[in-house]
Structures are given as C-alpha cells and as structure tokens.
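Engineer: In this note's numbering, the protein residues as written are 16 to 603.
Just dropping this structure here.
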Amino acid sequence: MKKLNTLLTLCMLAGLLLTQVSCNKDCGNVRKKLRELEDSMGLADLKLAAEKLGHAGQVALADGDLVVQNPASGFTWQGKVEQEGKYQLWVTYFSDHAEAHARLKFNGEEKSKPVQYLGAETFKKFYLTDGTEIEADELEENRDKIEAYYFREYWGSFDLTDDVELEMLYQFQPAGNASLKIHEIELVRERDFAAELEPLFFAGIDFYDYQTSEDGFVRNYYKHGADPATTSSVATCGQGLMAYSINHHIGRDPQAEAKALRTLRLFNNKHETIHPRRHHTGWRHHFINIRTGESNSEFSTIDTCILVAGALMARNTFDSDEIRAEADELWSSIDWTSAIADLENESFHMTGKSIDGVKDEITILFSEYIMLAWFCQKYEDQVAENPRQIMTPLEDVTKSVFMGRVVPSCIFGGMLPSFHVQFPFYMTDLCGDELFFSYQAAQGWADRMWSTQKYKNRTAWGVSPGSTPKRGYSVDAFYNDNKEDVVTPRIIAGFIPTNPVAVDDLRMIFANHQKQQVTRFGRILPRWSPATPGWQSRRIAGVDYSSWLYGMAAYHPEVGLDFFKEKMQMTFEHTPGQVRAVSGEETD
Numbered sequence: 016m017k018k019l020n021t022l023l024t025l026c027m028l029a030g031l032l033l034t035q036v037s038c039n040k041d042c043g044n045v046r047k048k049l050r051e052l053e054d055s056m057g058l059a060d061l062k063l064a065a066e067k068l069g070h071a072g073q074v075a076l077a078d079g080d081l082v083v084q085n086p087a088s089g090f091t092w093q094g095k096v097e098q099e100g101k102y103q104l105w106v107t108y109f110s111d112h113a114e115a116h117a118r119l120k121f122n123g124e125e126k127s128k129p130v131q132y133l134g135a136e137t138f139k140k141f142y143l144t145d146g147t148e149i150e151a152d153e154l155e156e157n158r159d160k161i162e163a164y165y166f167r168e169y170w171g172s173f174d175l176t177d178d179v180e181l182e183m184l185y186q187f188q189p190a191g192n193a194s195l196k197i198h199e200i201e202l203v204r205e206r207d208f209a210a211e212l213e214p215l216f217f218a219g220i221d222f223y224d225y226q227t228s229e230d231g232f233v234r235n236y237y238k239h240g241a242d243p244a245t246t247s248s249v250a251t252c253g254q255g256l257m258a259y260s261i262n263h264h265i266g267r268d269p270q271a272e273a274k275a276l277r278t279l280r281l282f283n284n285k286h287e288t289i290h291p292r293r294h295h296t297g298w299r300h301h302f303i304n305i306r307t308g309e310s311n312s313e314f315s316t317i318d319t320c321i322l323v324a325g326a327l328m329a330r331n332t333f334d335s336d337e338i339r340a341e342a343d344e345l346w347s348s349i350d351w352t353s354a355i356a357d358l359e360n361e362s363f364h365m366t367g368k369s370i371d372g373v374k375d376e377i378t379i380l381f382s383e384y385i386m387l388a389w390f391c392q393k394y395e396d397q398v399a400e401n402p403r404q405i406m407t408p409l410e411d412v413t414k415s416v417f418m419g420r421v422v423p424s425c426i427f428g429g430m431l432p433s434f435h436v437q438f439p440f441y442m443t444d445l446c447g448d449e450l451f452f453s454y455q456a457a458q459g460w461a462d463r464m465w466s467t468q469k470y471k472n473r474t475a476w477g478v479s480p481g482s483t484p485k486r487g488y489s490v491d492a493f494y495n496d497n498k499e500d501v502v503t504p505r506i507i508a509g510f511i512p513t514n515p516v517a518v519d520d521l522r523m524i525f526a527n528h529q530k531q532q533v534t535r536f537g538r539i540l541p542r543w544s545p546a547t548p549g550w551q552s553r554r555i556a557g558v559d560y561s562s563w564l565y566g567m568a569a570y571h572p573e574v575g576l577d578f579f580k581e582k583m584q585m586t587f588e589h590t591p592g593q594v595r596a597v598s599g600e601e602t603d
C-alpha cells in the first residue's frame, strides 16, 4: 500500500532522527541477515518511500533514544493525516529479548496485544550471535546464544480524520538486561476497492458467465485465443452457480436467477434432450460433453460435492421456490455416505469404481475432501436415527510445523496446495469457524513466507494447480513440490480475508501491466513464473479460477465474508427415495 506522509521510520534511516542508537551487543552479522529479510518482505521499498515523502510527526522518546530498556519505557508520537479514512497501524522492531510485551494507546483507544492475523500477525525470526538463523523449535536449546529477534506487528484498523497521537509502552518479562529497538512505525491508508480491484472482481464473475453454454453447462476451461471448450466440469458448474449467486447479490445481472435455475434443472435431468448420467449412488461424471451430455470420465465424489455447494449457495441467495425445490432435489439424489471408505481411518472414495470395489481410489484427510466430509456429516445428521461422527473434529486434523508455525498438512506430513484449504473455507460454513479460519491464515502465511523468500519477490506466491511452462497441467504445492516455480495470483486473492497483506500484493501485481492479460471477459492476472521470464499461462481451468471469485467477493464491500458465512449454512431439505442411476449407468 502506498505510504502517506504519516509513514514514520524510526530507526535505520540516517538523518530522520536526532540520535542513531545501536544494540547493546555487536549486531553486525545480525543486521546483514536483517537486511536480507527486509528485502524478501519488501521493506526496502518502504524505506525508499520514507526518504521521498519525509514524515509528518514529532517523536518524544522516554529515555532520550530509541532503545527501550528494562524494566519498561516507551515513546509517544503526534502527527496528522492528509486525508481522512481508515488506516492500518503496523510496528516493526528488533529486540535482544523474546518476551517484550507492549501496551498501546492510539487516539485514546487502548490495546494490549496485536491483532492475530497473518501478514498481520506477529512475524518472528531468530538469529544466533554468529548470524545463523534458527527455527522456532530450536529456540529453547539455543536461548543463551540468541542475538536478536525480529518482530512485525499489526495493531488494527482505525478511522482517522486529522490529528493522530500514539503512546506505546514496552515491558520485558522476566526482568533482566534487555533492550528493544523500534525499526518502523507505519500508518497505511486502506484504499477504495472500486478504484483499483473491482475490475478484477468483475472479471472473476464474468469468467463463469462467459463460459456458460446455452443449456446451462459451464465449460471446463478457457484458452486464450482458442475456440470455446466442448467439455464441462461438474465442479465448474457448481462454481458457476456461486458466480450467478454473487452477481445477483450485488444486483449486477437480472438474468442470474434464470441461469441458476437452468443449471439445476439440467443436473436434475429436466432438459428436453440432454440427460447427464449418474452413478447408482447419485454421483455425477467429472467431465461431460456440453452438446450431448455424454461422458467417459469417472463418477467423481469431490466434483459432485462442489456442484452441490453451488446449489446450496443458490438456494440461500435467490428468493425462488423453484430454485429451492431443484436444489433440494439435487441434494436428495445422492447417497452421501456411500463416499465413506473407512470411517476410522478418515478415508473417502474418490470415484464410483472405488465405491463399487472395482478400483482402489481412496483419499485420506487432510485435503479439500474435508468439504466432502462436511456434506456427508450434514446428510447423516438429516437421515440417520443415530448419526455417526463422520467429520473429524477440526482440532484433530493432520498438521505439521513449518517455519515454526503449525499448518494443516496431508497424512504424510507434506505441505498442501493452497486450494486444499481455500475450497472448504468458502464452499462450506467453515469460514465462520475460528479454528479453521486460523488454518487458512497459517496456510497463507506459510505459502507467502516460503515463496517470497525463495523468489526474492514479495508478490511471487500463491502455489496451486494449473498450467506450467513445460509440463502442462500440474498440481503444485509450496516448499517441495513446485518444480517449475509457478505462482498464482488467484490464490493470493483467496487468502484476502485471513491474510490482509494479500490485498497490497495484488495491487502491486495489477499495477504492473506486463503481469496483466486481456481476455474476452476482462483483464486478469494469470499464472506466471519467476524462473521463466515472460511466460504466462494462457489456459484457465474453471475449477481453479474459483479462488479468485471467492477471495475478491469476500473483500468486496457489498459482499464480504459474512455473505459466505450466511449462504453456506446447511438448509437443504432431504426427500427420501431420490437416489437412483440415470440411463442405466451404474458404474464408471
């Protein structure tokens, strides 16, 4: 975000302050590491902005310099903002002690701890006296060798009109010889959504509208400069239902209700000539010919689940008895618990052949299949006299420690593609769950920290499936499974509600016209690779593009995350006897 005149750089900027202070130890090696870290986080740009803009505040220091020493000391700051609005307050500091506790008073509003977000949340690094960086799990055994700690804290968002006054007090616990040096205080104005990012939001909606066929299918992919695809993905049809719902909610498409009803009726086999087949337990084909409804692909549990997620949002968005009835019929046409392979081991069938015992195609949580477990649990709660516990308690999902932070992971401990967390976040009511919210935040933090440090570019992150320069379509994950170093702005968008820094990163990408791509449905930010200059993906899979739609909608002032919390509440009404095969097709 553009730094205004209210950006105040307190340390490490020669000439901005009367006193240049140093650590009470020899920090040469550590400062070299700190500079490298600042470069990877984009902080060097903040310094440049400060030098150009100057600052509009006066500093009063408790002890005559900027080193906060035991037992407690602090500072005050007074300044003005040039333009009234909402501002974020960030504080970055460099300490030789791990337990520095702050108390802040900002324009009369008291706070005792930073806001717990990532990007926003406290970010820590640990260095030994020789400058070696260590991980958080190595901290205890090396505590006597720690040279410095680096903290970046977000203290919240404030409505400001004119004068600004900040008081901050730091205390160390336990008492001892400790010091803390303030590196930077920032007031960052939150910019207007429509001015910069709304065109990208509309392109996210219009993608699904452009991909919709006259019969109600949504095409599987878009290829820049090529003829429209002739296949549909059942999952993309579900995401189309969500796009119609969002477009209706903001009053942008008077035909959205008719489009949603047409798609629902199509999958309930009420089209005059096209009748997509079903497995005998109700699961739909993954890919379907949009002209005939025929398919040679598998009956897919997760892709059918995404179709029904779209139906749920449509049911809860449109004030239409017809849509509610069609959505309920679709819900009731599936034996959801047939997808359970082994309840004790938290495994689920991926295909109809696996359900029938013909082929072993099973997945074990944690992955995007947690949304399948969510729907199975809701179905069990509706139809069973004594419902079983199908969905794993969120506190028990598989996790790993990455860079000192707990993140969700697969059963084998590997890092996940980021869509594995984003899909259930938006396509169930889990975005309203505090613990799952923290999982989404942790995934975004880990993706961003690993990727931006590897590529030395603060906007080069967001690792998930899509096209690659040489290997075609690839399901990528950060850390150890991104072989062609491809990053995806749509994944950055999907993290906006939990990782506010994503908004600024998207603005920086969008401001670079070389990163944009002009399509038939608007300007977009395609996949790109820091390792392959000039390459951009020219093919978009509809199922993958949905992260862009969800994240931008959650950020839009007329939609917001509360829309997903409300519209993804389970309201389906089950009608017994609807599960059946269609056209005699009972296996893949």
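Idealized CB from N, CA, C, for every residue including glycine.
All figures in this text were calculated on a predicted structure; none of them were measured in a lab.
For Asn304, does the three-state DSSP call read helix, strand or coil?
Structural biologist: It is a strand residue.
Engineer: Among the residues of its own chain, which have a CB less than 7 angstroms from the CB of Ser562, if the five just before and after it don't count?
Structural biologist: Contacts found: Phe434, Gln437, Arg505, Ile506, Ala508 and Gly509.
Engineer: Identify every residue that forms a DSSP beta bridge with Ala556.
Structural biologist: In DSSP, Ala556 forms a bridge with Tyr236.
Engineer: Going along the chain, which residues of its own chain have a beta-carbon closer than 8 angstroms to the beta-carbon of Val574, five neighbours each way excluded?
Structural biologist: Taken in chain order, the residues that qualify are Ile261, His264, Ile265 and Ala568.
Engineer: Confirm, please, whether the CB-CB distance from Gly477 to Gln254 is below 8 angstroms.
Structural biologist: No, the pair does not count as a contact, with Cβ atoms beyond the cut-off.
Engineer: Go through the stretch 400-470 residue by residue and report every complete run of the alpha helix (DSSP H) that reaches 4 residues or more, in order.
Structural biologist: DSSP runs (the alpha helix (DSSP H)) wholly in the stretch 400-470: 434-442 and 449-470.
Engineer: Following the continuous alpha helix (DSSP H) through Asp357, name the residue where it begins and the one where it ends.
Structural biologist: Where Asp357 is concerned, there is no enclosing alpha helix (DSSP H), although the beta strand (DSSP E) it sits in stretches over Ile355 to Asp357.
Engineer: Can you grab the Cα-Cα spacing for the pair Val36 / Asp496, in whole Å?
Structural biologist: Residue placement at Val36 is poorly supported in this model, since its pLDDT is 26, which falls under 50; the coordinates still yield a value, given next. Answer to the nearest angstrom: the Cα atoms are 44 angstroms apart.
Engineer: Does the stretch 212-231 come within contact of the stretch 530-539, defined as at least 3 CB pairs closer than 8 angstroms?
Structural biologist: Enough Cβ pairs lie closer than 8 angstroms, so yes.
Engineer: Can you look up Gln532 in the DSSP assignment and give me helix, strand or coil?
Structural biologist: Looking at Gln532 - three-state DSSP - the assignment turns out to be strand.
Engineer: Per DSSP, what kind of secondary structure is Val516 in: helix, strand or coil?
Structural biologist: Val516: helix per DSSP, three-state reduction.
Engineer: Beta-carbon within less than 6 angstroms of Glu376's beta-carbon, same chain only, minus the 5 sequence neighbours each way: which residues are those?
Structural biologist: Around Glu376: Met365, Thr366 and Ser369.
Engineer: Would Val412 pass as a contact of Leu380 if the rule is Cβ separation under 8 angstroms?
Structural biologist: Yes, the pair counts as a contact, with Cβ atoms nearer than the cut-off.
Engineer: Do you know offhand how far Ala258's Cα is from Val518's?
Structural biologist: Those two C-alpha atoms are separated by around 21 angstroms.
Engineer: Whose CA, out of Pro591, Phe525, Ser489 and Trp460, lies closest to the CA of Asp216?
Structural biologist: One detail in the question is off: residue 216 reads as Phe in this sequence, not Asp. Of the candidates Pro591, Phe525, Ser489 and Trp460, the one whose C-alpha sits nearest the C-alpha of Phe216 is Phe525.
Engineer: Give the secondary structure of Gly100 by DSSP, where H, G and I count as helix, E and B as strand, and everything else as coil.
Structural biologist: Three-state result, Gly100: strand.
Engineer: With a 10 Å radius around its C-beta and 16 neighbouring C-beta atoms as the bar for buried, classify Pro432 as buried or exposed.
Structural biologist: The residue in question, Pro432, is buried, as its Cβ has 16 or more Cβ neighbours within 10 Å.
Engineer: Round the Cβ separation of Ile355 and Ile405 to the nearest angstrom and send it over; I've been treating them as touching at under 8 angstroms.
Structural biologist: Going by Cβ atoms, the distance from Ile355 to Ile405 rounds to 7 angstroms, so yes, they are a contact pair.
Engineer: Could you tell me the distance, in whole angstroms, from the CA atom of Met585 to the CA atom of Ala461?
Structural biologist: For Met585 and Ala461, the distance between alpha carbons rounds to 31 angstroms.
Engineer: Go through its chain and collect everything with a Cβ distance to Cys320's Cβ below 7 angstroms, but skip five positions before and after it.
Structural biologist: Only Met386, Leu387 and Phe390 meet the Cβ criterion.
Engineer: Which of the three DSSP states, helix, strand or coil, is assigned to Gln593?
Structural biologist: Correct three-state label for Gln593: coil.
Engineer: Given a cut-off of 8 angstroms, decide if Thr513 and Ser607 are closer than it, judged by their beta-carbon atoms.
Structural biologist: Summary: the structure shown does not reach residue 607, with the chain confined to residues 16 through 603, and so no result is reported for it.
Engineer: Which of the three DSSP states is assigned to Phe587 in this structure?
Structural biologist: Phe587 falls in the coil class under three-state DSSP.
Engineer: Taking 8 angstroms as the threshold (C-beta atoms), are Met583 and Phe493 in contact?
Structural biologist: Their beta carbons are not under 8 angstroms apart, which means Phe493 does not touch Met583 by this criterion.
Engineer: Can you tell me whether Tyr488 is helix, strand or coil according to DSSP?
Structural biologist: Of the three classes helix, strand and coil, the one that applies to Tyr488 here is strand, per DSSP.
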